[in-house]
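Visitor: This is the structure I want to talk about, given as C-alpha cells.
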Amino acid sequence: MGYPPTPRLGVALLALWRAACGPATESKPPAGAGNAPPPPEVNVLTVAVGEVELTTDLPGRVQAVRSALVRARVEGVVQRVQFQEGSLVQQGAALFELDARTVTAAAEAARADLQAANQVLARTQALLEARAVSTQEFEAAQARQKQASAALARAELDLENARVVAPISGRIGRALVTEGTLVGRGESTPLAAIDQLDPVYVNFTQPSRELQDLQRAMARGQLSGDVSTTAQLILDDGSIYPLPGRVKLREQTVDPNTGAVFYRAEFPNPKQVLMPGSFVRVRIPQARMAQAVTVPQRAVMMNNAGPYVLVVGEEDKVAPVPIQTGAMSGDRWVVQSGLKPGMRVIVDGLQKARPGSVVRVAQAPAK
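For the sequence shown, the working numbering puts the final residue at 719, and the numbers step up evenly by one.
What follows is the structure, encoded as C-alpha cells:
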C-alpha cells in the first residue's frame, strides 16, 4: 500500500529543479561588450615659422661628359676586334687592327724617296760649292728633300693609324663593324662609341617667366638670392639620387624657340647608375624666404575645393583645414595661408584619420 508524497518533499524537489534550470529570461552578455577599440595612432608636425630655401624641380636629360666616335683614319680591312663590348677602356688602348700591308708598302716607298732626295741634295750642295750648279738648282733639291720627308711622315702616320686606339677613356659600346669590313674609304666609318660616365652632365631648362617672377619677388624684398649651387636628382622611381651635384652653367640668353633658359649640372657617377639619354628631374635652390611655414608633401591632400591638411585639434579630434600652397622647399610645400604656428598637422597615419574622429598622437615628432 503506497503513501502519497508529503508536501515538504514536493517543495524540495521543485526548488532543485528551478536551481538547475535557472530563470528562463536570464542570458550572458556578449563577449567583448564594453571594450571599444583604441583610437588610431598618427604622427603630427607642429607648425612653426622659419627660414627656408625655395627649390624648383625641372625635367632634364643625362649626357656623358665626353663622348667620342671611334673612326678609321686610313683605308683598310678590319682584321681583328680587340675589345670586349660594354667594357671600360683606357685612352690609347688598342680597339681594332686593320690590314696594314698597303700603308706599310707606302711607308717603305716614302722612305726610299727620302733617301734618294737626301743623296741628290748632298750632291747638289757639293756642286754648288764648286760653282757647278746654280743656286736655283740647289733650292729645288732642298724642296724635293723636304717634300720627301713630309711624305714619309705622312706614310708613317698612316701606318700608325692602321692600329685604331681609344681616343678617350670610358665605357665602349658595341662594335659597329666586324672582321672583313672595308673601312676608311670616302667618309670615315664609325667603328664604335665611347662615353665617359663619371662624372656626367644633366642638361635642363627653365621657363624665363619663372625666373622673372623670382627676380620681381627679390626686388620687392620678399625673397633673397643667397643660395648655393648644389643640385639634387630625382630618379624615375621617385627616389633621390644619393650623390649631390653642382650647377655648372646657366646661360644668360633665352632660347627664342622655347622661351627657356639652359642649365647644366654635373653629378658624380662612380657606380654608373646614371646613363646618358635617360630622363630625370633636377632639384635646384633658387631663393630664400625668411618667414615661411612648410609642410611635407605627403601631408597635403586634394579635394574639389583645393589642397587641405588634417590637423589634430582639441580633445585630439581630427579636422580638415584648407590651405594655399606656394613654392617648394625640397620635399615640402610652402604654405601661404591656412595654417598658424602651433597647429598639429597629421603627416603619417592619414589613412586611419577621419574628420571628426579621435586619434592618439605618437610621442616621436614627425619630420
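Quick reminder that beta carbons are idealized off the backbone N, C-alpha and C, glycines included.
#1: Using a Cβ-Cβ cutoff of less than 7 Å, which residues in the same chain neighbour Q643 once the five nearest sequence positions on both sides are dropped?
#2: Excluding sequence positions up to five away, which residues of its chain have a Cβ less than 6 Å from the Cβ of M695?
#3: Go ahead and pull the three-state DSSP assignment for F435.
#4: Buried or exposed: where does N395 fall if 16 or more other Cβ atoms within 10 Å of its Cβ makes it buried?
#5: How would you label Q497, buried or exposed, when you count the other beta carbons within 10 angstroms and need 16 or more for buried?
#6: What is the C-beta distance between A545 and E437, in whole angstroms, given that I count them as a contact (C-beta under 8 Å)?
#7: How long is the line joining the alpha carbons of V517 and D465, rounded to whole angstroms?
#8: Quick check: what's the CA-CA separation for A493 versus V455?
#9: Do you know whose CA, among A474, D510, V414, lies nearest A424's CA?
#10: On the DSSP bridge assignment, give the partners of L410 in chain order.
#11: What does the alpha-carbon distance come out to for the pair T677 and V686?
#12: Taking only the alpha-carbon atoms, compute the straight-line gap between D683 and A583 and give it to the nearest angstrom.
#13: Report yes if the CB atom of N555 is closer than 8 Å to the CB atom of G412, and no otherwise.
#14: Please classify P707: does DSSP put it in a helix, a strand, or coil?
#15: What is the rounded straight-line gap between the Cα of V426 and the Cα of R475?
#16: Taking only the alpha-carbon atoms, compute the straight-line gap between D588 and F631 and give it to the nearest angstrom.
#17: Restricting to runs no shorter than 3 residues, where is the beta strand (DSSP E) found entirely within the region 574-646?
#18: Which of the three DSSP states, helix, strand or coil, is assigned to Q443?
#19: Can you tell me where the beta strand (DSSP E) holding L654 begins and where it ends?
#20: Apart from the five residues just before and just after Y660, which ones in its own chain have a Cβ nearer than 7 Å to its Cβ?
#21: Classify N656 as buried or exposed, calling it buried when 16 or more other Cβ atoms lie within 10 Å of its own Cβ.
#22: Going by beta-carbon coordinates alone, are P628 and D550 separated by less than 8 Å?
#23: Return the chain-ordered list of same chain residues with a C-beta closer than 7 Å to the C-beta of Q477, the five sequence neighbours on each side being excluded.
#24: Between the Cα of V417 and the Cα atoms of V699, V552, M680, L406, which residue gives the shortest distance?
#25: Taking a contact to mean a Cβ-Cβ separation below 8 Å, would you say S521 touches Q442 in this structure?
#26: With a cut-off of 8 Å on the beta carbons, I'd call L410 and Q431 a contact; round off their distance for me.
#27: Quick one: grab the DSSP three-state call for T677.
Guide: Reading it off the structure:
#1: V401
#2: V399, V663
#3: coil
#4: buried
#5: buried
#6: Not confirmed; about 11 Å, so no contact.
#7: 29 Å
#8: 26 Å
#9: D510
#10: V634
#11: 6 Å
#12: 14 Å
#13: yes
#14: coil
#15: 36 Å
#16: 7 Å
#17: 582-586, 597-602, 612-619
#18: coil
#19: Note on residue identity: the sequence assigns Met, not Leu, to residue 654. Element bounds for M654: 653-655.
#20: M653, P672, V673, P674, I675
#21: exposed
#22: no
#23: F490
#24: V552
#25: yes
#26: Not confirmed; about 49 Å, so no contact.
#27: strand
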